[in-house]
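Numbering (our numbering), first residue to last: 28 to 196.
Glycine included, each C-beta is placed from N, C-alpha and C at the ideal position.
Computed from a predicted structure; not experimentally measured.
One structure is given here, and the rest of the page talks about it.
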Amino acid sequence: MKIVSGEKMGEIDRLAMSRYGIPGLILMENAGLQVVSLVKKIRPERKRGKIVVFCGKGNNGGDGFVIARHLWRQGYNVETWAAGALSDYKGDAAVNYNILLKQGYNVNRFDEKSPVAIIKDLKADDLIVDALLGTGIQRQVTGLLAEIITAINHSPAEIVSVDIPSGIS
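In structure tokens form, the structure reads like this:
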């Protein structure tokens with residue numbers, strides 16, 4: 028396995044788009060599908076526990092919306108939490124958020140209600156998809172987001188992180 032820095036990953040994404048003409052939406056869909064494939068290996072039983080997907084406002088959040096959509100469509104019990112309203116998202120992340128909404132899927136917003144209590148109620152049979160923050164984070168995580176990350180890290184549920192566990196840079 029090769030590991031690259033956040034800066035290098037950004038370069039790889041830009042190169043894929045500029046040199047090879049791969050749209051960001053395709054990159055996001057493919058990233059999401061890879062995580063879905065991993066979740067299905069970890070959790071082949073669709074009715075075992077629930078899967079809770081936490082989506083930040085960046086491209087990691089967009090990956091999370093892709094993951095939620097595919098798992099939900101495949102019969103998994105999926106609950107999704109977003110960092111804000113559709114209008115708070117931009118680009119490909121907004122496109123994937125909107126796709127979920129247009130399909131009649133309910134997206135909870137942690138700018139309206141904190142999911143910390145929900146996280147604390149999760150069981151070992153549940154699974155968390157951490158799509159909050161990616162490799163591009165350049166600041167200290169504070170406030171509600173820090174509380175959510177702490178609750179996730181203390182949950183008995185299994186955790187799958189997109190790119191990197193949130194809060195690590």
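- Taking the Cα of Trp99 as reference, the smallest distance to any Cα among Gly170, Lys140, Tyr132 is reached at Tyr132.
- When DSSP states are grouped into helix, strand and coil, Glu34 belongs to the helix group.
- Here Asn125 is exposed. Its C-beta has fewer than 16 other C-beta atoms within 10 Å.
- Leu154 sits away from Gly194, with the two beta carbons spaced by 8 Å or more.
- With contacts defined as CB atoms closer than 8 Å, Phe81 and Asn123 fail to qualify as a contacting pair.
- DSSP places Thr162 outside both helix and strand once states are collapsed to three, so it counts as coil.
- Per the C-alpha coordinates, the member of Met55, Gly85, Arg41 positioned closest to Ser114 is Gly85.
- Partner residues in the beta bridge of Phe81, as assigned by DSSP, are Trp108, Asp157.
- If the five residues before and after Ala151 are omitted, its C-beta is found closer than 7 Å to the C-beta atoms of Pro183, Ala184, all from its own chain and listed in chain order.
- Asn104 and Lys68 have their alpha carbons spaced roughly 16 Å apart.
- Within 10 angstroms of the beta-carbon of Gly89 lie 16 or more other beta-carbons, which makes it buried.
- For Gly37 against Gly163, the beta-carbon gap comes to about 6 Å, under 8 Å, which counts as contact.
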